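*Asks:* If you want our numbering, it's the position in the sequence shown, counting the first as 1, plus 111. Ideal Cβ positions, reconstructed from N, Cα and C, are used throughout, including at glycine. Every value quoted in this text rests on a predicted model; they were computed, and no experiment measured them.
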Amino acid sequence: MRGDNPRILVIEDDRYIADFIALSLRQQNYSCQTAASAAEGLFLFQSNRPDIVLLDLGLPDRDGLEVIRELRGIRETPVLIVSARGQEKEKIDALDAGADDYITKPFHMGELMARIRVAQRKLNRETYTEGEIFSMDDLKVDPLKRQVLVGQEEVHLTPLEYRLLLIMIRNRGKVLTHNHIAREVWGYGESESTQTIRVVTANLRRKIERDSAKPRYILTEIGVGYRFADE
């Protein structure tokens, strides 16, 4: 990544929307390129190596889910979906395909900028490893000691709760679907019910949040899954 702001590739076939996003990004000192098709977007992705991709799912030449998978096959770059498709299943399919975030049209530019800043922080920080001590506000996790502290008080987690917490910390700022969580925590997806995940998450919240009704760390993405706060 060059400089303080990442280079952003906008893959969007609606020229008005693409130009609006690009102008707004450049006004915030971001470097930005646009592509009106999947083919053009993939070419620019490989040749110019952007740091973040904003992708519309309704492209004229390729299905958006295929494009996500192809981007992921080239290299790990944050992919934010900006789409008029607002059904929960469509969001889940895109996130399960490898997208990092999803914002539905019409959107406020301020919200999109906030999502980009989350992706930017992900680029700027070192990858979390199993042995690295994690600290945010009054939450501290020491994987080597398998110790979780809230303030100065140690909290005791079940193996499932602890595994879920580590997965969320490793992916902080990214929306994790219920299926993704089930695969990572239990080792398989569809057969683990959403309700089971909600129960384990609720128990974890009660142990690490000061107010589980207004969570600071584990945020709900309604109908989709969860996101661990990144700031």
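Measure the CB-CB distance between Thr-288 and Asp-174 and report whether it falls below 7 Å.
*Replies:* Residue mapping note: residue 288 aligns to position 177 of the sequence shown, counting from 1. Residue mapping note: residue 174 aligns to position 63 of the sequence shown, counting from 1. Result no, Cβ atoms of Thr-288 and Asp-174 do not sit closer than 7 Å.
*Asks:* If Phe-82 sits next to Asn-290, beta carbons under 8 Å apart, how far is it from one beta carbon to the other, in whole angstroms?
*Replies:* The question about residue 82 has no answer, for the chain in this structure spans 112 to 342.
*Asks:* Between Leu-170, Lys-233, Glu-201 and Leu-153, which has its C-alpha nearest Glu-181's C-alpha?
*Replies:* Here the question's residue 181 lines up with position 70 in the sequence shown. For the residues Leu-170, Lys-233, Glu-201 and Leu-153, the minimum Cα distance to Glu-181 belongs to Leu-153.
*Asks:* Quick one, which of His-267, Met-247, Asp-249 and Asp-248 has its alpha-carbon nearest Lys-256's?
*Replies:* Position 145 of the sequence shown holds residue 256. If we check each option's Cα against that of Lys-256, His-267 comes out closest.
*Asks:* When the Cα of Glu-195 is compared with those of Gly-209, Tyr-213, Ile-185 and Glu-187, which residue comes out closest?
*Replies:* Within the sequence shown, numbered from 1, the residue matching residue 195 stands at position 84. As written in the sequence, residue 195 is Ala, which differs from the Glu given in the question. Looking at the Cα atoms, Tyr-213 is the closest of the given residues.
*Asks:* Using alpha carbons as the reference points, say which of Val-178, Lys-202 and Pro-254 lies closest to Glu-243.
*Replies:* Within the sequence shown, the letter at position 132 stands for residue 243. Minimum Cα distance to Glu-243 is reached at Pro-254.
*Asks:* So Arg-180 is in the alpha helix (DSSP H); what residue range does that whole segment cover?
*Replies:* By one-based count along the sequence shown, residue 180 stands at place 69. Note, Arg-180: alpha helix (DSSP H), 175 to 185.
*Asks:* Using DSSP's beta-bridge definition, name the partner residues of Tyr-309.
*Replies:* Stepping through the sequence shown from its first residue, residue 309 is reached at position 198. Per the sequence shown, the amino acid found at residue 309 is Arg instead of Tyr. Beta-bridge pairing links Arg-309 to no other residue.
*Asks:* Quick check on DSSP: helix, strand or coil for Ala-146?
*Replies:* Counting from one through the sequence shown, the residue named residue 146 turns up at place 35. Correct three-state label for Ala-146: strand.
*Asks:* Mind reading off the beta-carbon distance from Val-190 to Asp-211? Whole number of angstroms is fine, and I expect it under 8 Å.
*Replies:* In the sequence shown, the residue the question calls residue 190 occupies position 79. In the sequence shown, the residue the question calls residue 211 occupies position 100. The Cβ separation is near 6 Å, so the contact holds.
*Asks:* Could you tell me whether the segment 130 to 141 touches the segment 155 to 162, where touching means 3 or more Cβ pairs closer than 8 Å?
*Replies:* At 8 Å Cβ cutoff, the stretches do not touch.
*Asks:* Helix, strand or coil: which one does DSSP assign to Val-164?
*Replies:* As a first step, residue 164 is located in the sequence shown; it is residue number 53 there, counting from the start. DSSP places Val-164 in strand when its eight states are reduced to three.
*Asks:* Using a Cβ-Cβ cut-off of 8 Å (strictly less than) and excluding sequence neighbours within five positions of Gly-262, which residues of its own chain qualify?
*Replies:* Numbered from 1 along the sequence shown, position 151 holds the residue referred to as residue 262. Cβ neighbours of Gly-262 beyond the five flanking positions: Asp-249.
*Asks:* Would you kindly report the start and end of the unbroken beta strand (DSSP E) that includes Arg-321?
*Replies:* To locate residue 321, count along the sequence shown from 1; it is residue 210. Taken as a continuous stretch (DSSP letters only), Arg-321 belongs to no beta strand (DSSP E), as it is neither H nor E.
*Asks:* With a CB to CB cut of under 6 Å and the five nearest residues on each side skipped, what residues in its chain are close to Gly-197?
*Replies:* Numbered from 1 along the sequence shown, position 86 holds the residue referred to as residue 197. Result list for Gly-197: Thr-215, in chain order.
*Asks:* Between the alpha carbons of Ile-128 and Tyr-141, how many angstroms are there, rounded?
*Replies:* In the sequence shown, counting from the first residue as 1, residue 128 sits at position 17. In the sequence shown, counting from the first residue as 1, residue 141 sits at position 30. The alpha-carbon atoms of Ile-128 and Tyr-141 are separated by roughly 17 Å.
*Asks:* Measure the beta-carbon distance from Ile-122 to Ala-146 and round it to whole angstroms, keeping in mind my assumption that it falls under 8 Å.
*Replies:* Here residue 122 refers to the residue found at position 11 of the sequence shown. Here residue 146 refers to the residue found at position 35 of the sequence shown. Between Ala-146 and Ile-122 the Cβ distance is about 5 Å, and since that is below 8 Å, they are a contact.
*Asks:* What first and last residue would you give for the alpha helix (DSSP H) that runs through Gln-138?
*Replies:* Stepping through the sequence shown from its first residue, residue 138 is reached at position 27. First-last of the alpha helix (DSSP H) with Gln-138: 126 to 138.
*Asks:* In whole angstroms, what separates the C-alpha of Met-220 from that of Ala-150?
*Replies:* For the purposes of this step, residue 220 is taken as residue 109 along the sequence shown, with counting starting at 1. For the purposes of this step, residue 150 is taken as residue 39 along the sequence shown, with counting starting at 1. Roughly 26 Å between the two C-alpha positions.
*Asks:* Between the alpha carbons of Val-311 and Glu-201, how many angstroms are there, rounded?
*Replies:* Residue mapping note: residue 311 aligns to position 200 of the sequence shown, counting from 1. Residue mapping note: residue 201 aligns to position 90 of the sequence shown, counting from 1. So the two alpha carbons sit approximately 25 Å from each other.
*Asks:* Going residue by residue through the segment 237 to 297, where are the continuous alpha helix (DSSP H) segments of at least 4 residues, counting only ones entirely within it?
*Replies:* For the segment 237 to 297, whole alpha helix (DSSP H) runs of length 4 or above, ordered along the chain, are 270 to 281 and 289 to 297.
*Asks:* Between which two residues does the beta strand (DSSP E) holding Leu-206 run?
*Replies:* For the purposes of this step, residue 206 is taken as residue 95 along the sequence shown, with counting starting at 1. No beta strand (DSSP E) contains Leu-206, which is instead part of the alpha helix (DSSP H) from 199 to 208.
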